[in-house]
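Using the working numbering, the first residue of the sequence shown is number 92, and each one after it goes up by one.
Beta carbons are placed, not taken as given, at the ideal position from N, Cα and C, and that holds for glycine.
Nothing here was measured: the structure is a model prediction, and the numbers come from that model.
To start, the structure itself, in structure tokens.
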Amino acid sequence: MTMLKDPSVKYRPFPQIDLPNRRWPSQVITKAPRWLSTDLRDGNQALIDPMGAEKKTRFFDLLVKVGLKEIEVGFPAAGATEFDFIRGLVDAGRVPDDVLVQVLTQSRLDLIERSFESLAGAHAAIVHLYNAVSPLWRQVVFGLEKNEIRGIAETGAKVLRDQAAKYPQTKWHFEYSPETFSTAELDFSIECCEAVMDILRPTPEQPIILNLPATVEAATPNIYADQIEYFCRNLPNREAAVISLHTHNDRGTGVAAAELGLMAGADRVEGCLFGNGERTGNCCLVTVALNMYTQGIDPHLNFSDIDEVIQTVEYCNQLKVAERHPYGGELVFTAFSGSHQDAIKKGFAAQEKRNDELWAVPYLPIDPADLGRNYEAVIRVNSQSGKGGFAWVIEQDQGLKLPKRMQPHFSRHVQDLADELGRELQASDIWEVFRKVYRLEAPQHFQLVDWDEGKGPDGARVFAGKIGVDGKVQSVSGRGNGLISSVTATLAQTFGVNLEVRDYAEHSMGHSSDARAAAYVECVTPDGRTIWGVGIDEDVATASVRAVLSAANAT
Numbered sequence: 092m093t094m095l096k097d098p099s100v101k102y103r104p105f106p107q108i109d110l111p112n113r114r115w116p117s118q119v120i121t122k123a124p125r126w127l128s129t130d131l132r133d134g135n136q137a138l139i140d141p142m143g144a145e146k147k148t149r150f151f152d153l154l155v156k157v158g159l160k161e162i163e164v165g166f167p168a169a170g171a172t173e174f175d176f177i178r179g180l181v182d183a184g185r186v187p188d189d190v191l192v193q194v195l196t197q198s199r200l201d202l203i204e205r206s207f208e209s210l211a212g213a214h215a216a217i218v219h220l221y222n223a224v225s226p227l228w229r230q231v232v233f234g235l236e237k238n239e240i241r242g243i244a245e246t247g248a249k250v251l252r253d254q255a256a257k258y259p260q261t262k263w264h265f266e267y268s269p270e271t272f273s274t275a276e277l278d279f280s281i282e283c284c285e286a287v288m289d290i291l292r293p294t295p296e297q298p299i300i301l302n303l304p305a306t307v308e309a310a311t312p313n314i315y316a317d318q319i320e321y322f323c324r325n326l327p328n329r330e331a332a333v334i335s336l337h338t339h340n341d342r343g344t345g346v347a348a349a350e351l352g353l354m355a356g357a358d359r360v361e362g363c364l365f366g367n368g369e370r371t372g373n374c375c376l377v378t379v380a381l382n383m384y385t386q387g388i389d390p391h392l393n394f395s396d397i398d399e400v401i402q403t404v405e406y407c408n409q410l411k412v413a414e415r416h417p418y419g420g421e422l423v424f425t426a427f428s429g430s431h432q433d434a435i436k437k438g439f440a441a442q443e444k445r446n447d448e449l450w451a452v453p454y455l456p457i458d459p460a461d462l463g464r465n466y467e468a469v470i471r472v473n474s475q476s477g478k479g480g481f482a483w484v485i486e487q488d489q490g491l492k493l494p495k496r497m498q499p500h501f502s503r504h505v506q507d508l509a510d511e512l513g514r515e516l517q518a519s520d521i522w523e524v525f526r527k528v529y530r531l532e533a534p535q536h537f538q539l540v541d542w543d544e545g546k547g548p549d550g551a552r553v554f555a556g557k558i559g560v561d562g563k564v565q566s567v568s569g570r571g572n573g574l575i576s577s578v579t580a581t582l583a584q585t586f587g588v589n590l591e592v593r594d595y596a597e598h599s600m601g602h603s604s605d606a607r608a609a610a611y612v613e614c615v616t617p618d619g620r621t622i623w624g625v626g627i628d629e630d631v632a633t634a635s636v637r638a639v640l641s642a643a644n645a646t
């Protein structure tokens, strides 16, 4: 089998929705929806090895910690593991008073009864009833007519009502899904939902949750938004219903479909942390929530320590969060490209000078620190990186702020190592290159042993010191109009090393009282070569002397 040259003989485009004057394209999301995590049910059934009680309990605690108020905890009729876990949550009092747990059940008497048994004694809970309604399922899977499919929904709703009456100590909430909604006739989905509402009699004060699943994502997300708006416009007693979205990611647009569905009038989003779920997964709650956050909307979910969330999810699911997964991936705040690194570096510098808190850094739609990430990991270096990236890493790792004119000089040496190794360079690799190139490693030809500075009768600055030359200490002196010039004069007069200083820079390497200083000198030799020297010391003047000797060691 190969891909068809004419796929239209096998596949048909999804039909457009007849929705004149659609309103959702001009809407803006302004507040967080109700969230439901399906990690412990939908996400669990999608695992090669489903979670046991220990992992499900750990995951449940994480969901509560990040702020989920509605959590689907399982399919109690699926087996003893699911049932016992749910009963354990209830019996142990692990469900906070402000959290609603939810269970899923097909529309069958024995399964619904088992679901209520699993939650008996809970302070409040949601029982989620579903049955598939689309033509493909009616014709291929069930062999039933529309009225028979609607009858399944009605029968299930009656059992929900009767079972709830048997357990009055629990405040029951009901959810109904016309499963396969995204590929069903809209009017028939509304018909099934209306039939369920007629039995359960929801009110605006005690609404029913109507979940509209994109069970299989079969069209572009704007089609799903049209379906949601059509449903909301035409559902009788709309004010007594919470419209919930449950998108899948078969076409890679599960998040987009959920966002457009909210714009189309929905109230609630179902999904999993990092989008785990059957096939290509469910809607990623982390992505939708943090997308809102970057638009200035409080999502009411807390991902301040996103690495802890990832570690727990990866442990419980035994699935890795991809390196490029939005917001959570290991590399999503990382730039290797030289032009990207330069823009980010300048953005951080500009951010420090701003007088307000507004975030405006190129390539970073969110401040990594808001998610507990370190700025040090934003720029990483490989053979694709540029001078800005190397300078950023050495600044973050060692506190050295290289002068702009020095950065290309250092960059060439780091680039050579990156090309040689063919891998990402660590901060330790870059620091090792820096120490070798700027001669910070001992022993060197010229080494400072001791020095002092005075003034001559004519006001000239006098450098007097001891310099080790190939292991032998020699007393030296020289005069100039400043400290740097007096050191270069000493080198010329005593050792015949002639250096013209073209540029000089210095800075503190920290803010504490014991912070060290760094000094940089750009020198030109008589034959026209440019040499950079670097000095580091607790005393800024000594750092300057060391920088000149560093340059002299390159001659």
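* Note down, in chain order, each residue of its chain lying with its Cβ closer than 8 Å to the Cβ of R593, except the 5 sequence neighbours on either side. => E613, C614, V615 and T621
So K527 packs on D541, CB below 8 Å; how close in whole Å?
Not confirmed; about 26 Å, so no contact.
| query | From A648 to A256, what distance separates their C-alpha atoms? | reply | This structure gives no information on residue 648, because the portion of the chain shown stretches from 92 to 646.
TODO: For R329, collect the residues of the same chain with a Cβ closer than 7 Å to its Cβ; drop the 5 residues on either side in sequence, then sort them by chain order.
DONE: C323
ask   = Of all the options N589, G550, S198 and L364, which has the alpha carbon lying nearest to the alpha carbon of L410?
value = L364
Inspect the beta-carbon positions of L227 and A248 and report whether they are closer than 8 Å.
no
Could you pull the start and end residues of the beta strand (DSSP E) that W263 belongs to?
K262 to E270
>> Please identify the residue among K262, F525 and M288 whose C-alpha is closest to the C-alpha of D507.
In response: F525
Among I281, Y418, S641 and T246, whose alpha-carbon lies nearest the alpha-carbon of V400?
Y418
- Enumerate in chain order the residues of its own chain whose CB-to-CB distance from A286 is below 7 Å, with the five nearest sequence positions on each side excluded. R241, A244 and E245
- What residue ranges within the segment 315 to 391 form continuous alpha helix (DSSP H) runs of no fewer than 4 residues, ordered along the chain? 345 to 354 and 376 to 384
Worksheet item: Between which two residues does the alpha helix (DSSP H) containing A441 stretch?
Response: G429 to K444
### Task
Would you mind stating whether T271 and S225 have Cβ atoms separated by less than 8 Å?
yes
- prompt: I139 by DSSP, collapsed to three states: which one?
  reply: coil
*Can you check the segment 231 to 312 for any alpha helix (DSSP H) of at least 4 residues that lies completely inside it and give the ranges in chain order?*
237 to 257 and 277 to 291
Three Cβ pairs or more, each shorter than 8 Å: is that satisfied between the segment 100 to 115 and the segment 351 to 364?
yes
**Request:** Evaluate the contact criterion for the segment 301 to 308 versus the segment 262 to 279: three or more CB pairs, one atom per stretch, below 8 Å.
**Result:** yes
Give me the Cβ distance between G345 and C374, rounded to the nearest whole Å; I'm assuming they're in contact under 8 Å.
-> 5 Å
Please state if the CB of H339 and the CB of T371 are separated by a distance shorter than 8 Å.
yes
Query raised in the report: Should the segment 577 to 587 be called in touch with the segment 546 to 556, which here means at least 3 C-beta pairs below 8 Å?
Result: yes
- Same chain, Cβ closer than 7 Å to F105, neighbours up to 5 away in sequence not counted: A309, A310 and I314
* Under the assumption that F78 contacts I435 (Cβ atoms under 8 Å), give the Cβ distance between them as a whole number of angstroms. => With the chain represented from 92 up to 646, any question about residue 78 goes unanswered, as that position is not in the structure.
For T37, does the three-state DSSP call read helix, strand or coil? The structure shown does not extend to residue 37, since the chain is modelled only from 92 through 646, so no value can be given for it.
Buried versus exposed, by CB contacts within 10 Å (16 or more), L336: buried
**Prompt:** How long is the line joining the alpha carbons of G463 and E421, rounded to whole angstroms?
**Reply:** 12 Å
E448, DSSP secondary structure in three states:
coil
Sub-8 Å separation of S206 and V194 beta-carbons: yes
query = Beta carbon of I290, beta carbon of N325: below 8 Å?
reply = no
Cβ neighbours of P312 in the same chain (closer than 6 Å, five flanking residues each side left out)
T344, A347, A348 and L351
On the premise that A123 lies in contact with H391, defined as a C-beta separation below 8 Å, what is that separation, rounded to the nearest angstrom? 5 Å
### Message
Suppose contacts are defined by Cβ-Cβ distances below 8 Å. Is F176 in contact with G165 by that definition?
### Response
yes
Cα-Cα separation between G562 and K492, rounded to whole angstroms | 31 Å
ask   = In chain order, what residues of the same chain have a beta carbon less than 6 Å from the beta carbon of N644, not counting five sequence neighbours either side?
value = R530, Q535, H536 and F537
What do you get for S641, buried or exposed, if any count of 16 or more other CB atoms within 10 angstroms of its CB means buried? buried
Worksheet entry | Endpoints, beta strand (DSSP E) assigned at G626 | T621 to D628
- [ ] Please look up how many angstroms separate the CB atoms of G362 and L381, rounded, as I've assumed it's under 8 Å.
- [x] No, G362 and L381 are not in contact; Cβ-Cβ is about 13 Å, not under 8 Å.
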